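Visitor: Top to bottom, those sequences are chains W and P. Note that my numbering has the first sequence beginning at 51, numbered continuously upward. Note that my numbering has the second sequence beginning at 51, numbered continuously upward. Could you have a look at this structure, given as structure tokens, before my questions?
There are 2 protein chains.
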Amino acid sequence: MNDYHHGDLRQGLLVAAHAVLNEKGVHGVSLRACAAKAGVSHAAPTHHFKSLSGLLTELAVIAFKDFTAALRLAYDEGDAKHTLQQRLQTAGNAYLQYALSEPELFKLMFSSALPDHSNDRLCEVSGQAYAELTRVVKPLCDERGITGKESIEQAELLVWSTIHGYTHLSLKQMDVHGVCDDMKAGMPPMVILGALLQP
Amino acid sequence: MNDYHHGDLRQGLLVAAHAVLNEKGVHGVSLRACAAKAGVSHAAPTHHFKSLSGLLTELAVIAFKDFTAALRLAYDEGDAKHTLQQRLQTAGNAYLQYALSEPELFKLMFSSALPDHSNDRLCEVSGQAYAELTRVVKPLCDERGITGKESIEQAELLVWSTIHGYTHLSLKQMDVHGVCDDMKAGMPPMVILGALLQP
DNA sequence: TAATCTATCTTTACAGTGTAAAGATATCGT
DNA sequence: ACGATATCTTTACACTGTAAAGATAGATTA
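Here is the structure:
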């Protein structure tokens with residue numbers, strides 16, 4: 051006698067997908083492996099997710115929410131006793147730390163192919179993560195006398211680029227050379243970049 | 051009567067792989083599709099490349115060489131008549147422009163899964179691209195009074211992170227929303243970031 | 001020149017993948 | 001109690017990478 055009702059297979063598949071992702075990596079995750087891990091037949095996921103992309107998109111949505119929460123927590127912790135620049139550095143470190151604690155999930159979130167990045171909900175939650183990371187940029191621009199909507203948006207873009215780019219590089223280093231000591235130290239002080247790029 | 055000798059199938063497969071990459075995207079490239087495009091049976095590539103990963107690794111190696119050449123050209127063009135900071139901005143623009151001109155190839159180069167990033171030759175050519183991009187950083191550090199090997203290396207890392215991160219973001223925007231007007235303008239002026247991060 | 005050797009490609013085969021269609025089962029509502 | 005519906009399974013098919021064995025063309029050698 052087979053169990054025809056799992057209880058909450060949708061959630062079970064998401065948990066299984068997360069596990070398979072961590073075991074086999076972003077490229078090794080398959081719909082059938084997720085189904086097997088959840089203890090159901092290979093075709094069962096179809097009834098809860100339209101496709102593999104659908105399952106991974108949903109997993110990415112959940113991950114972005116966690117990610118945003120982690121960024122928010124780090125931002126709210128060091129409140130008034132730090133300078134705005136220090137808080138930006140802290141935000142960058144939180145970004146990096148999340149990626150290092152959930153490397154495969156992070157790679158999935160920013161994978162170019164697997165999840166559907168045109169999905170509305172995914173766009174929304176990734177936008178929220180972006181907003182959370184760049185939350186300190188606006189006041190920092192005010193402080194430095196940078197005005198104009200366009201300049202502020204460019205500042206946000208560049209801040210995100212720097213932090214995300216460094217995180218991307220760290221993950222690649224981790225893949226090739228294993229865990230490195232430099233990573234526990236967090237991001238390099240971005241003030242160095244400031245010295246290099248100051249007008 | 052079948053042709054049992056292609057002439058230069060190795061090169062033919064690399065050309066075919068590039069074509070398939072541009073047609074189907076990074077995730078859509080398959081060994082069998084490359085073989086079909088090259089006009090040979092699906093198992094022929096095995097004798098020239100150990101696997102799909104081997105073929106794509108070789109393609110990435112070639113791409114990195116082109117990439118490095120493009121960066122070097124841009125660097126050598128604007129020589130003495132620009133400030134070091136302007137030359138850094140130029141290098142960043144060249145980085146972005148290559149990615150926008152060969153988006154799928156660029157994505158392949160930095161794809162976490164498909165090519166073998168522990169491959170010695172791939173490590174070497176990607177290292178050369180990195181060195182070319184950050185070539186201006188050392189003299190810029192001298193100019194700004196940044197000394198110490200570690201600080202200079204951190205500066206290089208942060209510069210690469212900013213430029214690569216912005217490029218990554220632009221490609222994602224291109225995937226989701228199509229070609230955008232902002233891209234032809236190149237990178238935002240990194241001096242904005244300097245104003246934000248100055249000590 | 002003729003035979004053999006070697007490199008190159010094809011054919012065949014197998015395990016794995018996503019996904020669609022149809023069938024089986026269990027729970028829910030009436 | 002019984003039919004409706006949601007949920008899962010079975011079956012099927014067209015793909016994928018890759019290994020093994022067979023066929024062919026060109027090169028080498030006697």
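Note that beta-carbon positions come from the ideal geometry of N, C-alpha and C, so glycine has one too. A quick note: this is a predicted structure, and the numbers were derived from the prediction, not measured.
Quick one: which chain P residues come within Cβ less than 7 Å of residue 194 (chain W)?
Guide: Counting from one through the first sequence, the residue named residue 194 (chain W) turns up at place 144. Simply 245 and 246.
Visitor: What runs of the alpha helix (DSSP H), each 4 residues or longer, lie entirely inside the segment 156-189 of chain P?
Guide: If we require 4 residues or more, the alpha helix (DSSP H) runs fully inside the segment 156-189 of chain P come out as 170-183.
Visitor: Please state the DSSP three-state secondary structure of residue 131 (chain P).
Guide: Residue 131 (chain P) sits at position 81 when you count from the first residue of the second sequence. The answer is coil: DSSP assigns residue 131 (chain P) none of H, G, I, E or B.
Visitor: Could you tell me whether the segment 164-171 of chain P touches the segment 96-116 of chain P, using the rule of 3 or more Cβ pairs below 8 Å?
Guide: In short, these stretches touch, since the Cβ pair count reaches three.
Visitor: Let me know the alpha helix (DSSP H) ranges lying completely inside the segment 59-86 of chain P, each 4 residues or longer, listed in chain order.
Guide: Here the runs fully enclosed are 59-74.
Visitor: Here's a check: name, in chain order, each residue in its chain whose Cβ is nearer than 7 Å to the Cβ of residue 122 (chain W), leaving out the five neighbours to either side.
Guide: Position 72 of the first sequence holds residue 122 (chain W). Result list for residue 122 (chain W): 182, in chain order.
Visitor: Can you list, in chain order, the residues of its chain whose CB lies under 7 Å from that of residue 184 (chain W), leaving out five sequence neighbours each side?
Guide: What you label residue 184 (chain W) is simply residue 134 of the first sequence in a count that begins at 1. Hits under 7 Å: 206, 209 and 210.
Visitor: So the alpha helix (DSSP H) residue 233 (chain P) belongs to, where does it begin and stop?
Guide: In the second sequence, counting from the first residue as 1, residue 233 (chain P) sits at position 183. Residues 231-234.
Visitor: Buried or exposed for residue 51 (chain W), please, with buried defined as at least 16 other CB atoms from any protein chain shown within 10 angstroms of its CB.
Guide: On the first sequence, position 1 is the one that residue 51 (chain W) refers to. Confidence in residue 51 (chain W) is poor, its pLDDT being 39 and thus under 50, which makes the residue's placement unreliable; the coordinate value appears in the next sentence. The residue is exposed, with fewer than 16 neighbouring Cβ atoms inside 10 Å.
Visitor: Tell me whether residue 175 (chain W) is buried or exposed, calling it buried when 16 or more other Cβ atoms sit within 10 Å of its Cβ.
Guide: In the first sequence, residue 175 (chain W) corresponds to position 125, counting from 1. Residue 175 (chain W) comes out buried.
Visitor: Quick check: what's the CA-CA separation for residue 146 (chain W) versus residue 70 (chain W)?
Guide: Translated into the one-based positions of the first sequence, residue 146 (chain W) becomes position 96. Translated into the one-based positions of the first sequence, residue 70 (chain W) becomes position 20. Roughly 23 Å between the two C-alpha positions.
Visitor: Buried or exposed for residue 220 (chain W), going by 16 or more other Cβ atoms inside 10 Å?
Guide: Counting from 1 along the first sequence, the entry for residue 220 (chain W) is found at position 170. Classification of residue 220 (chain W): buried, given that the 10 Å Cβ count is 16 or more.
Visitor: Considering only residues of the same chain and omitting the five flanking positions on each side of residue 178 (chain P), which have a CB-CB separation below 6 Å?
Guide: Counting from 1 along the second sequence, the entry for residue 178 (chain P) is found at position 128. Same-chain partners within the cutoff: 118.
Visitor: Quick check: what's the CA-CA separation for residue 142 (chain W) versus residue 163 (chain P)?
Guide: Reading the first sequence from its first residue, position 92 is the one you call residue 142 (chain W). Reading the second sequence from its first residue, position 113 is the one you call residue 163 (chain P). If I take the Cα positions, the gap works out to 25 Å.
Visitor: Contact check, residue 217 (chain W) vs residue 149 (chain W) under 8 Å by CB: the rounded distance?
Guide: Locating residue 217 (chain W) in the first sequence gives position 167, where the first residue counts as 1. Locating residue 149 (chain W) in the first sequence gives position 99, where the first residue counts as 1. 5 Å between Cβ atoms; contact.
Visitor: Measure the C-alpha to C-alpha separation of residue 194 (chain W) and residue 173 (chain W) and round it to an integer number of angstroms.
Guide: Start at 1 with the first residue of the first sequence, and residue 194 (chain W) comes out as number 144. Start at 1 with the first residue of the first sequence, and residue 173 (chain W) comes out as number 123. Spanning the two alpha carbons is a distance of roughly 31 Å.
Visitor: Closest to residue 102 (chain W) by C-alpha separation, out of W:92, W:80 and W:240, would be which residue?
Guide: Position 52 of the first sequence, counted from the first residue, corresponds to residue 102 (chain W). The option with the nearest alpha carbon to residue 102 (chain W) is W:80.
Visitor: Identify which residue in W:180, W:137, W:78 and W:90 has its Cα closest to the Cα of residue 53 (chain W).
Guide: For the purposes of this step, residue 53 (chain W) is identified with residue 3 of the first sequence, where counting begins at 1. When each option's Cα is compared against that of residue 53 (chain W), the closest is W:90.
Visitor: Taking a contact to mean a Cβ-Cβ separation below 8 Å, would you say residue 95 (chain P) touches residue 85 (chain P) in this structure?
Guide: Numbered from its first residue, the second sequence carries residue 95 (chain P) at position 45. Numbered from its first residue, the second sequence carries residue 85 (chain P) at position 35. In contact: residue 95 (chain P) and residue 85 (chain P) (Cβ atoms closer than 8 Å).
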